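Only one structure is covered here, and it is reproduced in the block below.
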């Protein structure tokens, strides 16, 4: 048996606030989602002015990270862009903007962001994780 870490609501609120601050600092309107190690939603917010679709894409990006074994969602986007179209049949969203939350070498969740350019989505997600 092994001990595992788990996100608390306090952790999630801290990450969400940091991600939101990063978005606000850059005048970006996005949706921010945080999931646990099973891909289950712990947090979802759509900032004023964020695209409607972003509210579905952000959680999917976060889930992609945990289902994909702790890889950023960009890894799967790169696979598809490099011709590995079989990845499209996997239960993932191959778009940059999902970042895994890794503690002591274990994936304990992920942050997914959607609403601006893909690298900017990822920047916001990483800012949230950095607050943890």
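Residue numbers (the UniProt record's numbering): 1 to 132. Here a beta-carbon is modelled for each residue, glycine too, at the ideal position from N, C-alpha and C. Since the model is a prediction, treat every value here as computed from it, not as a measurement.
For residue j and residue i, the rounded distance between their alpha carbons
i: residue 79; j: residue 90; result: 12 Å
i: residue 27; j: residue 1; result: 46 Å
i: residue 15; j: residue 64; result: 18 Å
i: residue 131; j: residue 86; result: 35 Å
i: residue 54; j: residue 105; result: 29 Å
Among the options, nearest to residue i - alpha-carbon criterion
i: residue 6; options: 109, 94 and 99; result: 109
i: residue 30; options: 59, 40 and 105; result: 59
i: residue 68; options: 107, 8, 50 and 48; result: 107
i: residue 52; options: 116, 122, 39 and 22; result: 116
Beta-carbon proximity check, residue i vs residue j, cutoff 7 Å
i: residue 94; j: residue 77; result: yes
i: residue 35; j: residue 42; result: yes
i: residue 98; j: residue 73; result: yes
i: residue 66; j: residue 37; result: yes
According to DSSP, residues forming a beta bridge with residue i
i: residue 44; result: 33
i: residue 99; result: 111
i: residue 106; result: 103
8 Å contact criterion, which residue i and residue j should meet: CB distance rounded
i: residue 127; j: residue 18; result: 5 Å
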